[in-house]
Every structure is written in structure tokens, then in C-alpha cells.
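Right, one structure below, let's go through it.
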Amino acid sequence: LREDGTPKPALEEFVRHTPQMGLVQWFHYEDHRLDDAVAWMERLGVTHLRTGLSWADSFRPNALDWFDRQM
């Protein structure tokens, strides 16, 4: 998805490969797009997701809440 929430051209091709193919997605600290991304993944049938967690984010206020929200 683009920043504005519109689908990228590869979306139609990706749908043909779910749930066998998963996604890799990095969410920045308190990323406002997290809920929309989760909704799209559910809609697309994604069952495998890999994400990164920034160790530096662990020093931010409410870091544990943010990590819990992602999980």
C-alpha cells in the first residue's frame, strides 16, 4: 500500500499467492497505518508476517505498549 492507503499495482498478483506467500513489513514507531495494514492483511488472507522491531524504540515513551500493539 502507498502512504495514502491506495493499493500498489502488485496487489492483484500478490493475492494469487496468499496464503502460501507472506509479507515482510516494518512499522515505524506509532505508525498510524498499522490498523489499516492489519485490515488489508486479513482481507488478503495473509497468514505469515515478518516484521522488525527497533531496539532504539525500546527507549521511547510507551514503548512496551507499542510493541504489544504490533504483536
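In this text, residue positions in the sequence shown follow this note's numbering: the first is 56, and each later residue adds one. Glycine residues also receive a C-beta, built at the ideal position from the N, C-alpha and C atoms. Quick caveat: nothing in here was measured; it's all calculated off a predicted structure.
- For residue 67, the enclosing alpha helix (DSSP H) has its first and last residue at 66-70.
- Residue 105 is bridged by DSSP to 79.
- Around the CB of residue 114, fewer than 16 other CB atoms lie within 10 Å, so the residue is classed as exposed.
- Taking residue 77 as the centre and dropping the five residues before and after it, the same chain places the C-beta of 101, 102, 103, 104 and 105 closer than 8 Å to its C-beta, in chain order.
- By the Cβ-count criterion, residue 121 is buried, with 16 or more other Cβ atoms from all chains shown falling within 10 Å of its own Cβ.
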